[in-house]
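Notes to accompany the following structure.
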Amino acid sequence: MQPNSAATPAAGRVRPTDVYFFGTCLLDLFLPEAGMDAITLLENLGLRVHFPQAQSCCGQPAYTSGHPNEARAVARAQLGLFPNDWPIVVPSGSCGGMMKHHWPRLFAGEPEQALAEALAARVVELSDFLLNVLDFHPQDRGLPTRVAVHTSCGARREMNVHVTSWALVDRLGNVERVVHDHESECCGFGGTFSVKHADIAGAMVTDKAASLQHSGALEFVTADAGCLLNINGKLAKDGERVFAGKHLATFLLERTGGKA
Amino acid sequence: MSEQQTITLYPSRQFKDNARAALKDGELRQSLRTAMDYLMAKRLSAFSDGDELETLRTLGETIRQRCLAKLPELLEKLEAQLTANGVQVHWAETTEQANEIIHGLIARRGGTLAVKGKSMVSEETELNHYLEARGVTAVESDMGEYIVQLAGEKPTHIIMPAIHKTKAHIAQLFHDKLPDTPYTEDVDSLIRIGRNALRDLYLKADVGLSGVNFAVAETGTLCLVENEGNGRMCTTVPDMHIAITGIEKVVEKLTDVVPLYSLLTRSAIGQPITTYFNMISSPRKPGEKDGPREVHLVLLDNGRSQAYADEQLRKTLQCIRCGACMNHCPVYTRIGGHAYGTTYPGPIGEIISPHMLGLENTKDLPTASSLCGACGEVCPVKIPIPEMLMRLREEEQRPAGEVVAHPLRGQGAAHTGKEALAWRTWRGLFGQPGAYKLFGWAATRLRGLTPPGQLGWTQNHVPLKPAAKTLHQLVRERDAARR
Numbered sequence: 070m071q072p073n074s075a076a077t078p079a080a081g082r083v084r085p086t087d088v089y090f091f092g093t094c095l096l097d098l099f100l101p102e103a104g105m106d107a108i109t110l111l112e113n114l115g116l117r118v119h120f121p122q123a124q125s126c127c128g129q130p131a132y133t134s135g136h137p138n139e140a141r142a143v144a145r146a147q148l149g150l151f152p153n154d155w156p157i158v159v160p161s162g163s164c165g166g167m168m169k170h171h172w173p174r175l176f177a178g179e180p181e182q183a184l185a186e187a188l189a190a191r192v193v194e195l196s197d198f199l200l201n202v203l204d205f206h207p208q209d210r211g212l213p214t215r216v217a218v219h220t221s222c223g224a225r226r227e228m229n230v231h232v233t234s235w236a237l238v239d240r241l242g243n244v245e246r247v248v249h250d251h252e253s254e255c256c257g258f259g260g261t262f263s264v265k266h267a268d269i270a271g272a273m274v275t276d277k278a279a280s281l282q283h284s285g286a287l288e289f290v291t292a293d294a295g296c297l298l299n300i301n302g303k304l305a306k307d308g309e310r311v312f313a314g315k316h317l318a319t320f321l322l323e324r325t326g327g328k329a
Numbered sequence: 043m044s045e046q047q048t049i050t051l052y053p054s055r056q057f058k059d060n061a062r063a064a065l066k067d068g069e070l071r072q073s074l075r076t077a078m079d080y081l082m083a084k085r086l087s088a089f090s091d092g093d094e095l096e097t098l099r100t101l102g103e104t105i106r107q108r109c110l111a112k113l114p115e116l117l118e119k120l121e122a123q124l125t126a127n128g129v130q131v132h133w134a135e136t137t138e139q140a141n142e143i144i145h146g147l148i149a150r151r152g153g154t155l156a157v158k159g160k161s162m163v164s165e166e167t168e169l170n171h172y173l174e175a176r177g178v179t180a181v182e183s184d185m186g187e188y189i190v191q192l193a194g195e196k197p198t199h200i201i202m203p204a205i206h207k208t209k210a211h212i213a214q215l216f217h218d219k220l221p222d223t224p225y226t227e228d229v230d231s232l233i234r235i236g237r238n239a240l241r242d243l244y245l246k247a248d249v250g251l252s253g254v255n256f257a258v259a260e261t262g263t264l265c266l267v268e269n270e271g272n273g274r275m276c277t278t279v280p281d282m283h284i285a286i287t288g289i290e291k292v293v294e295k296l297t298d299v300v301p302l303y304s305l306l307t308r309s310a311i312g313q314p315i316t317t318y319f320n321m322i323s324s325p326r327k328p329g330e331k332d333g334p335r336e337v338h339l340v341l342l343d344n345g346r347s348q349a350y351a352d353e354q355l356r357k358t359l360q361c362i363r364c365g366a367c368m369n370h371c372p373v374y375t376r377i378g379g380h381a382y383g384t385t386y387p388g389p390i391g392e393i394i395s396p397h398m399l400g401l402e403n404t405k406d407l408p409t410a411s412s413l414c415g416a417c418g419e420v421c422p423v424k425i426p427i428p429e430m431l432m433r434l435r436e437e438e439q440r441p442a443g444e445v446v447a448h449p450l451r452g453q454g455a456a457h458t459g460k461e462a463l464a465w466r467t468w469r470g471l472f473g474q475p476g477a478y479k480l481f482g483w484a485a486t487r488l489r490g491l492t493p494p495g496q497l498g499w500t501q502n503h504v505p506l507k508p509a510a511k512t513l514h515q516l517v518r519e520r521d522a523a524r525r
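Structure follows, in structure tokens:
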């Protein structure tokens, strides 16, 4: 867990013409619109976005559940999909953290070690890419609103990119970003944690959802599909019909008029 | 109490039930939240300079790793130096051996009363119960420990043992348990009542027991960090002082203590320095008017060697017991220390208890974390706790029969054929593009058949339902439309 400063990494800091997009399995299966929104956002900024159709998952679910062999097999299937030297943009802090920080460890001593390390160096989380590589200054065309930002622990502690989500939201002229109580605290997702320890995870997501609801925000945004499914799934279970969260990519696309 | 000693209980086996019960205790939840918020704020204010903090943490990590790398050599040196200083050193591989040694020393003097400074290692060995069963009363003198002992409980936090108790709890406890004590919720009065009750015991006690924060090999010095002065009383007033600690507590040089001490007190409770810092180097010397006539040190292994043998897991032993990981843990904050059923709760407890008790008795602890990383972020000696948790998950999922270089006690404790099959299936579906494409196709087409109950997930959430089309499909359709 070595955080790398969002401001410093040299690799991929030059504005490219092409990028790879790694959609992540959670977005792919449960929130594909958010993935499309991220792709559209990048295209609107003049990039050619390449989505390798053979991609599936970074391997994190098995990796954090004590099954590294299974994780390696699934991660290995991704390694050959990014042959050109373009950044690999990932719309999720925790999946990005897996690829950037844990792939080199997962493949240490394996024939694919060098390849995994080379790919890891090119992995960049979406909000980091938008802010620090593209220097995206969104033209806010939306009505005045207030939002809270939930940053995933992967983004915050592994990728050190929570500040990038804040900065992007802060660049929207009509959006007031409100801070919620215990903002840096985990929402309780943690992959299989929310299944194996449902009681504790439930207490965590209950607190997180309440804190977001009471923040004064009209909605919340996050750049992590796991957190989004967790918090929205909890709000829906409680019958909340108005307050919900959306992916940062969707929010940015809506605010800039790129989405009906 | 003595009856319990003979039965080996592993409350950590009931972790999930314990946690469920704790979560329902609203008063406990509120107390913990308030206390942890306070401690987090205090720590932050003690480390206002982020660069200094990082420099100090790196130094702390370096010192601990250097000392662990030389551990066998440093332990020999420590023993030689202490012996030369007149301190007698005893080695215990198991908690039972440690208790036998300590009881033997007390019995030799015909002692019946011991007064104790705070020692988590003595909690590990359940020393109080052991002595009680053999006619020796051991009284805790740290105020938090005293409260917990009076209540017949165990510490819920390694630094603040009674953090789960409110003023009202303590007022009632003192009123009930101490003779002629009126009910009062005034904190100063409560402290005075406790101190007065303890005062006589120091003079009457045959033996003083204590822990050790740092054992310095170079000089043969036992360092003891405390705030109440009770540690100094326990280690100076009675004729015999017995200290107990884990083998990993040794540091090489006296200069190693300075940064570790600063990291310890600031990380623990945001204190720049504690009220008392004791350095014990010998018993009373000829011509000296006070101090114990005998000083003993018991060095306990209790599973630490298992962690030590493995290069990655050895980092577990870097711990200086500040408790910052539990203060910052969203899981600990919600369930408190008792739920873990181990001496050490919270993140450090999740990674050290399996070595002490075996994974067979602690299998739910390594998974009781969302891997949010808050513990690793605040650890003053940079133990990569999430990495340790993942490694322990791997070892408890590893089939018991599989041969590895450093097998852990209880390897495979969480392994089930069902879960192994689930991950093999997952690998088959997600590890081959063709299979994954088919899976995505089927999941979206059959989304109407999404089961309403999805293991633990639907306890807190609406069921996860696949989208009508996968992102793969949306991209394919878009590309086709553009052609």
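Going down the list, the protein sequences come from chains A and B.
To convert a position in the first sequence, counted from 1, into the numbering used here, add 69.
To convert a position in the second sequence, counted from 1, into the numbering used here, add 42.
Glycine included, C-beta positions come from ideal geometry on N, C-alpha and C.
Just so it is clear, the structure is predicted and the values come from calculations on it, not from any experiment.
> Among the residues of its own chain, which have a CB less than 6 Å from the CB of P428(B), if the five just before and after it don't count?
Replying inline: The residue labelled residue 428(B) in the question sits at position 386 within the second sequence. Its chain contains L413, G415 and G418 as the residues whose beta carbon lies nearer than 6 Å to that of P428(B), once the 5 sequence neighbours on both sides are disregarded; these appear in chain order.
> Assuming L245(B) contacts V279(B) under a Cβ cut-off of 8 Å, what Cβ separation, rounded to an integer in Å, is found between them?
Replying inline: Position 203 of the second sequence, counted from the first residue, corresponds to residue 245(B). Position 237 of the second sequence, counted from the first residue, corresponds to residue 279(B). Rounded, the Cβ-Cβ distance is 7 Å, consistent with contact.
> Of the residues that make up the stretch 140 to 171 of chain A, which ones have a beta carbon closer than 7 Å to any beta carbon in chain B?
Replying inline: A142, V143 and A146
>> Taking the straight line between their C-alpha atoms, what separation do you get for I394(B) and A185(A)?
In response: Numbered from 1 along the second sequence, position 352 holds the residue referred to as residue 394(B). Numbered from 1 along the first sequence, position 116 holds the residue referred to as residue 185(A). C-alpha separation (whole angstroms): 32 Å.
> Going straight from the alpha carbon of H206(A) to that of A236(A), what length do you get?
Replying inline: If you number the first sequence from 1, residue 206(A) lands on position 137. If you number the first sequence from 1, residue 236(A) lands on position 167. Spanning the two alpha carbons is a distance of roughly 10 Å.
> In terms of residues, what are the limits of the beta strand (DSSP E) holding W133(B)?
Replying inline: On the second sequence, residue 133(B) is found 91 positions in, with the first residue counted as 1. W133(B) -> beta strand (DSSP E) spans V129 to A134.
> What residues from chain C crowd round V423(B), counting only those whose CB sits closer than 8 Å?
Replying inline: The structure shown contains no chain C; the protein chains it does contain are A and B.
> What are the residues of the stretch 82 to 102 of chain B that lie near chain A, defined by any Cβ-Cβ distance shorter than 9 Å?
Replying inline: none
>> With DSSP as the reference, identify every bridge partner of H338(B), one or two as the case may be.
In response: Position 296 of the second sequence, counted from the first residue, corresponds to residue 338(B). Under DSSP, H338(B) forms a beta bridge with Q130(B) and I284(B).
> Given that L98(A) touches chain B, what residues does it touch there, using C-beta distances under 7 Å?
Replying inline: Position 29 of the first sequence holds residue 98(A). By Cβ distance, chain B contributes G482, A485, P508, A509 and T512.
> Can you give the beta carbon distance from G388(B) to C361(B), rounded, assuming they're within the 8 Å contact cut?
Replying inline: Taking the first residue of the second sequence as 1, we reach residue 388(B) at position 346. Taking the first residue of the second sequence as 1, we reach residue 361(B) at position 319. About 11 Å; that fails the 8 Å criterion.
>> Strictly below 8 Å CB to CB, what residues from chain B border C222(A)?
In response: Here residue 222(A) refers to the residue found at position 153 of the first sequence. Going along chain B in sequence order, the residues near C222(A) (Cβ under 8 Å) are S412, L413, C414, G415 and A416.
>> If we define contact as Cβ-Cβ less than 8 Å, is G271(A) a contact residue for chain B?
In response: Counting from one through the first sequence, the residue named residue 271(A) turns up at place 202. It does: the Cβ of G271(A) has a partner Cβ on chain B nearer than 8 Å.
> Are A144(A) and G128(A) closer than 8 Å when you measure CB to CB?
Replying inline: Residue 144(A) sits at position 75 when you count from the first residue of the first sequence. Residue 128(A) sits at position 59 when you count from the first residue of the first sequence. Yes, Cβ-Cβ distance for A144(A) and G128(A) is below 8 Å.
> Of all the CB atoms in chain A, is at least one closer than 8 Å to the CB of P494(B)?
Replying inline: In the second sequence, the residue the question calls residue 494(B) occupies position 452. No, its Cβ sits nowhere closer than 8 Å to a Cβ of chain A.
> Between the beta-carbon of V340(B) and the beta-carbon of I284(B), is there less than 8 Å?
Replying inline: By one-based count along the second sequence, residue 340(B) stands at place 298. By one-based count along the second sequence, residue 284(B) stands at place 242. The answer is yes: Cβ separation under 8 Å.
> Are the C-beta of A61(B) and some C-beta of chain A separated by less than 8 Å?
Replying inline: Taking the second sequence and counting its residues from 1, one reaches residue 61(B) at position 19. Yes, A61(B) lies at the interface with chain A (some Cβ there is under 8 Å from its Cβ).
>> Is it buried or exposed, K158(B), if we count other Cβ atoms within 10 angstroms and call 16 or more buried?
In response: Locating residue 158(B) in the second sequence gives position 116, counting from the first residue. With 16 or more Cβ atoms within 10 Å of its Cβ, K158(B) is classed as buried.
>> Any beta carbon from chain A within less than 8 Å of V446(B)'s own beta carbon?
In response: For this step, residue 446(B) is matched to residue 404 along the second sequence. False, the Cβ-Cβ gap to chain A never drops below 8 Å.
> Quick one: which chain B residues come within Cβ less than 9 Å of Q122(A)?
Replying inline: As a first step, residue 122(A) must be located in the first sequence, where it is residue number 53. Here the neighbours are P475, K479, H514, V517 and R518.
> Could you give the distance in angstroms between the alpha-carbon of L240(B) and the alpha-carbon of L95(A)?
Replying inline: Translated into the one-based positions of the second sequence, residue 240(B) becomes position 198. Translated into the one-based positions of the first sequence, residue 95(A) becomes position 26. Going by the C-alpha atoms only, they are around 59 Å apart.
> How is S304(B) classed by DSSP in three states: helix, strand or coil?
Replying inline: One-based indexing of the second sequence puts residue 304(B) at position 262. Residue state, collapsed to three classes: helix.
> With a cut-off of 8 Å, does the C-beta of H503(B) fall near any C-beta of chain A?
Replying inline: Numbered from its first residue, the second sequence carries residue 503(B) at position 461. Chain A, which has a Cβ nearer than 8 Å to the Cβ of H503(B), makes this yes.
> Under 8 Å between C-beta atoms, does P53(B) make it to chain A?
Replying inline: In the second sequence, residue 53(B) corresponds to position 11, counting from 1. Closer than 8 Å: no.
> From R210(A) to A103(A), what does the alpha carbon distance come to, in whole angstroms?
Replying inline: The residue you call residue 210(A) lines up with position 141 of the first sequence. The residue you call residue 103(A) lines up with position 34 of the first sequence. Computed Cα separation, rounded: 19 Å.
>> So if I threshold CB-CB distances at 8 Å, which residues from the stretch 283 to 314 of chain A count as touching chain B?
In response: L298, N299, G302, K303, A305 and K306
> Between the C-alpha atoms of S125(A) and L304(A), what's the straight-line distance to the nearest angstrom?
Replying inline: The residue labelled residue 125(A) in the question sits at position 56 within the first sequence. The residue labelled residue 304(A) in the question sits at position 235 within the first sequence. Approximately 28 Å between the Cα atoms of the pair.
>> G128(B) and S324(B) - do their beta-carbons sit closer together than 8 Å?
In response: Working through the second sequence from its first residue, we reach residue 324(B) at position 282. Working through the second sequence from its first residue, we reach residue 128(B) at position 86. Pairing S324(B) with G128(B) gives a Cβ-Cβ distance under 8 Å.
> Using a Cβ-Cβ cut-off of 6 Å (strictly less than) and excluding sequence neighbours within five positions of E438(B), which residues of its own chain qualify?
Replying inline: Mapped onto the second sequence, residue 438(B) falls at position 396. Excluding sequence neighbours, E438(B) sits near L401, K405, A455 and A456.
>> Please report the straight-line C-alpha distance between D228(B) and K209(B), rounded to a whole angstrom.
In response: Indexing the second sequence from 1 puts residue 228(B) at position 186. Indexing the second sequence from 1 puts residue 209(B) at position 167. Rounded to whole angstroms, D228(B) to K209(B) spans 8 Å at the Cα level.
> By the criterion of Cβ-Cβ separation under 8 Å, what are the contact partners of G259(A) in chain B?
Replying inline: Residue numbering aside, residue 259(A) sits at position 190 when the first sequence is read from its first letter. Here the neighbours are S411, S412, L413 and C414.
>> Here's the rule I'm using: 16 or more other beta-carbon atoms within 10 Å means buried, otherwise exposed. How should D218(B) be labelled?
In response: Within the second sequence, numbered from 1, the residue matching residue 218(B) stands at position 176. Its Cβ having fewer than 16 others within 10 Å, D218(B) is exposed.
>> On a Cα-Cα basis, can you pick out the residue from H380(B), S304(B), Q474(B) and D521(B) that is closest to L526(B)?
In response: Since the first residue shown for chain B is 43 and the last is 525, residue 526(B) is missing from the structure and cannot be characterised.
> V192(A) CB to nearest chain B CB: under 8 Å?
Replying inline: In the first sequence, residue 192(A) corresponds to position 123, counting from 1. Output row for V192(A): interface = no.
> Start and end of the alpha helix (DSSP H) containing K246(B)?
Replying inline: Residue mapping note: residue 246(B) aligns to position 204 of the second sequence, counting from 1. Where K246(B) is concerned, the enclosing alpha helix (DSSP H) stretches over V229 to K246.
> Checking contacts by CB at 8 Å: is F198(A) closer than that to chain B?
Replying inline: Position 129 of the first sequence, counted from the start, is the residue given in the question as residue 198(A). Judged by the 8 Å Cβ criterion, F198(A) is not in contact with chain B.
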